[in-house]
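Enquirer:
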Amino acid sequence: MTASLIGIAILFPFAAGFVCLTLKNHKARAGVVFLSAIVLIATSILFFSQGTFPLGYTPSHEWDMAIFVLDYLLMAYFLYLGLNDFFRNGIKIRNVSTIGLVLVQAISLALFEFSWAPELPITVEPALFIDHLSLIMCLIICIIGSLICIYGIKYMQDHEKHLGLEKTKQNWFFFYMVMFLGAMNGIVFANNILWLYFFWEVTTLCCYALIRHDETPEAIESGFRALWMNLIGGVGFVVAIILAFNSYGTLSLITLISNPTPFLLLPLAFLFLAALTKSAQVPFQGWLLGAMVAPVPVSALLHSSTMVKAGVYLAVRIAPAFWGTSLSAMIAVFGGFTFMAAAILAISQSEAKRVLAYSTISNLGLIILCAGINTPLAITAAIMLIIFHAISKGLLFLCVGNIEHNIWSKNIEDMQGLVRRLPLITGITIAGMISMLLAPFGVLISKWAAIEAAGASASLLSPLILLFLVIGSAATTVFWVKWIGRFLSEVPSTEGLKMEPFSPLYHTPVMLLIGGAVVLSILIAPVYNWLVSPAVGTFYLTTVSTQSWFFRSAIGCFVAWPLFIVLAAALVVPSLFVKTKPERIRAAYMCGENVEYDTPQFRSVADDKFELQLGGVYLEEDLGEKKLDKWFKVIALIILLVLFVVVLV
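The opening residue of the sequence shown carries number 77 in our numbering; numbering runs sequentially from there.
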């Protein structure tokens, strides 16, 4: 049963992706995407029902040879991409970086495997390892990732219609989207680090292809940026493989984690480099911001359930091996700084997807901070943040995609008063933002646990980490509340509320995700007991104390469901007693002669018509990218350099 489920979770998406590539008929391709979603969701639930973990499995050794060959084919393709761009466009940072980084990986790996390793291919027992952390990631990948793929069916139709494409490219789009899910399952199941490295690079390939999907100059540039920045992490991975095998004679990830020694810190530091590039931490955030040119389902998949989650998964996975070390403390500082810096930069953004991108980078920094603090409470907070952030952020990207296809804009200023024009999707979007911001939703409760873990840490760097947390949390509140204010700010109008048409493929996934955010927040204690506590207990001697419905910690007791009852009453009760009659609403008074149009206008100088506009404040001169971005990158590079110096010393 275990072997079959593993095979379906990893191989079925690859097969389904190739089927999508061959199908020209839209309905047939949509059917394959639906079937893939159902199979993957069912597979993840069946994994959960297994009950007994950890589970190990090693397929026939022919798979080791297959991975070995595919590694070099993948690097050859990356090299081709760099060389092809070089011959077409001349010397550019993007192609020189790609070529150089691929050659470093290929030559280093070839020297290791053909000269230094005693056998070829290198085998590990078990090759695949599934524990509760793997299970949590599999549920996120298969359920949320599948919903995003279903949403993409209609979105890509509308997207291509808007672009005026005569020939569809949806077969390539869904080839990479569905295959992406299989590669991610490979990452979270792999125990053989060479297998992990292969699946890691497959996600890099999918990311590159999906970002440049529209083939605009900006999309091509952004795709290459994602490629070469993630290849930096690939180099880190190869170095870690060589150092780990030469020191310990094994490439079993679980064996290395279970037997930590001071000599393991350097390969762990290089694995951490791979993790932070994949999770777009400062100073490598540029590739994820550039990814915003891609279609919305790509952004949702990268930000919630797949690409960036691979980075924080690896950081949490290897955390037990550097517990109590200087590396652990520096990782906490690095994550805390990214959490703060990205939240501050988000305030100055007026494009919706860039706000969501910075929010993702910030929250991933918080997860890495928790991995660095490295106590049972901190790891608990990290895993719960992975779960709840995946749901809420996937939801918000899909909501923004729906809004974009209604108003054909991603600018927050154009969303002013959208609660009246698109009340259903706007209400879900606001609820999604609240799920990222306020109690009793799981993201805030997880963040509370992270702050408590930082406060209880004995590290000398705890005051600095707490400062990052306080400033970052304040900045987070600013950019979410500012955006919510745009939705709710409107010029008074006598026009009644009109519900927009319901689109099953657009609205069903977002309604399922907001339902999941609410239900899992209500069930946060059972979720902890069933999933998170066993994941923490695998490598840590103690876990956080809970009861059936109570999540307890040293300074507080979280009981979510009564707060949801109060929240529901606060939303419902006013509507029962407060009624606004249309005749009581008066249009806004403006200087000059008011003119009644679809949007409020008035006549002023030279009898010209002026539209009444309400604008937000974004503080670009004070907190904008032009002013702060380069300084944040310099500071992050210094922290990263200190991290490696501390490990070497």
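Positions of the beta carbon are idealized from the N, C-alpha and C atoms, including for glycine.
Could you have a look at residue 133 and say whether DSSP puts it in helix, strand or coil?
Expert: In the structure shown, residue 133 sits in a strand (DSSP, three-state: E or B).
Enquirer: Please list, in chain order, all residues of the same chain as residue 699 whose beta carbon is under 8 Å from its beta carbon, the five residues on each side excluded.
Expert: So the qualifying residues of the chain are 420, 421, 423 and 424.
Enquirer: Would you say the stretch 444-460 touches the stretch 518-531, given that touching needs at least three Cβ pairs under 8 Å?
Expert: Yes: at least three Cβ pairs fall under 8 Å.
Enquirer: Do you know offhand how far residue 187's Cα is from residue 318's?
Expert: Computed Cα separation, rounded: 10 Å.
Enquirer: If you scan the stretch 409-492 from start to end, which runs of the alpha helix (DSSP H) of 4 or more residues do you find wholly inside it?
Expert: Listed in chain order, the complete alpha helix (DSSP H) runs (minimum 4 residues) inside the stretch 409-492 are 428-449 and 452-483.
Enquirer: Note down the Cα distance separating residue 282 from residue 694, rounded to an integer number of angstroms.
Expert: Rounded to whole angstroms, residue 282 to residue 694 spans 34 Å at the Cα level.
Enquirer: Using DSSP with H/G/I as helix, E/B as strand and the rest coil, what is residue 581?
Expert: Reduced to three states, the DSSP call for residue 581 is helix.
Enquirer: Can you tell which of 605, 172, 231 and 101 has the C-alpha that lies nearest to the C-alpha of residue 473?
Expert: Taking only the C-alpha atoms, the option nearest residue 473 is 231.
Enquirer: So, does the stretch 202-210 touch the stretch 597-617, judging by three or more C-beta pairs under 8 Å?
Expert: Touching, yes.
Enquirer: Given the structure, does residue 586 come close to the ligand GTP, in the sense that its CB is under 8 Å from one of the ligand's heavy atoms?
Expert: You won't find the ligand GTP in this model; it holds no ligand whatsoever.
Enquirer: Work out the CA separation of residue 119 and residue 100 for me, nearest whole Å.
Expert: Distance between the alpha carbons of residue 100 and residue 119: 28 Å.
Enquirer: Excluding the 5 residues preceding and the 5 following residue 708 in the sequence, name in chain order all residues of the same chain whose CB lies nearer than 6 Å to its CB.
Expert: So the qualifying residues of the chain are 358 and 417.
Enquirer: Could you round the C-beta distance between residue 113 and residue 226 to whole angstroms and report it? I think they count as a contact, below 8 Å.
Expert: 5 Å between Cβ atoms; contact.
Enquirer: Could you give the DSSP three-state label for residue 517: helix, strand or coil?
Expert: In this structure, residue 517 counts as coil in the three-state DSSP scheme.
Enquirer: Hey, is the stretch 478-498 in contact with the stretch 427-439, meaning 3+ C-beta pairs nearer than 8 Å?
Expert: With a cut-off of 8 Å, the stretch 427-439 and the stretch 478-498 count as touching, because enough Cβ pairs lie within range.
Enquirer: Considering only their Cβ atoms, is the gap separating residue 85 from residue 133 smaller than 9 Å?
Expert: Their beta carbons are not under 9 Å apart, which means residue 133 does not touch residue 85 by this criterion.
Enquirer: What does the alpha-carbon distance come out to for the pair residue 290 and residue 372?
Expert: The alpha-carbon atoms of residue 290 and residue 372 are separated by roughly 12 Å.
Enquirer: Let's test the definition: count the other Cβ atoms within 10 Å of the Cβ of residue 125 and tell me whether it reaches 16, buried, or not, exposed.
Expert: So residue 125 counts as exposed.
Enquirer: Give me the Cα-Cα distance between residue 438 and residue 314, rounded to the nearest whole angstrom.
Expert: Roughly 27 Å separates the two Cα atoms.
Enquirer: Could you spell out where the beta strand (DSSP E) holding residue 204 opens and where it closes?
Expert: Taken as a continuous stretch (DSSP letters only), the beta strand (DSSP E) holding residue 204 covers 204-206.
Enquirer: Would you call the stretch 138-154 and the stretch 268-275 in contact, with 3 or more CB pairs under 8 Å?
Expert: Yes, the stretch 138-154 is in contact with the stretch 268-275.
Enquirer: Give the range of the alpha helix (DSSP H) segment to which residue 254 is assigned.
Expert: 246-265 is the span of the alpha helix (DSSP H), which, as asked, contains residue 254.
Enquirer: I'd like the span of the alpha helix (DSSP H) that includes residue 550, first residue to last.
Expert: Segment 538-564, the alpha helix (DSSP H) holding residue 550.
Enquirer: Going by DSSP, which residues form a beta bridge with residue 328?
Expert: In the DSSP output, where bridge partners are listed per residue, residue 328 has 268.
Enquirer: Pull up the distance between the alpha-carbon of residue 175 and that of residue 185, whole angstroms please.
Expert: Their Cα atoms are separated by approximately 15 Å.
Enquirer: Using alpha carbons as the reference points, say which of 222, 104 and 97 lies closest to residue 588.
Expert: Answer by Cα proximity: 222.
Enquirer: Identify whether residue 102 lies in helix, strand or coil by the three-state DSSP scheme.
Expert: Correct three-state label for residue 102: helix.
Enquirer: Do you know offhand how far residue 140's Cα is from residue 83's?
Expert: So the two alpha carbons sit approximately 15 Å from each other.
Enquirer: Give the range of the alpha helix (DSSP H) segment to which residue 291 is assigned.
Expert: Here residue 291 belongs to no alpha helix (DSSP H), and DSSP marks it neither H nor E.
Enquirer: In whole angstroms, what is the alpha-carbon distance linking residue 557 and residue 434?
Expert: Taking the straight line from one Cα to the other gives about 15 Å.
Enquirer: Helix or strand or just coil, what does DSSP make of residue 243?
Expert: Three-state result, residue 243: coil.
Enquirer: With residue 308 and residue 466 assumed to form a contact (beta carbons below 8 Å), what rounded beta-carbon distance in angstroms separates them?
Expert: So it is not a contact: roughly 25 Å between Cβ atoms.
Enquirer: Applying the 10 Å Cβ sphere with the 16-neighbour rule, what's the burial state of residue 661?
Expert: For residue 661, the predicted structure reports a pLDDT of 49, less than 50, and the residue's modelled location is therefore unreliable. A value from the coordinates is still provided. Counting Cβ neighbours within 10 Å, residue 661 comes out exposed, since fewer than 16 surround it.
Enquirer: Grab me the residues of residue 91's own chain with a C-beta within less than 6 Å of its C-beta, minus the 5 sequence neighbours each way, in chain order.
Expert: Contacts found: none.
Enquirer: Does DSSP classify residue 587 as helix, strand or coil?
Expert: Residue 587 falls in the helix class under three-state DSSP.
Enquirer: Would you call residue 583 buried or exposed, if buried means 16 or more other Cβ atoms sit within 10 Å of its Cβ?
Expert: Buried, because 16 or more other Cβ atoms sit within 10 Å of the Cβ of residue 583.
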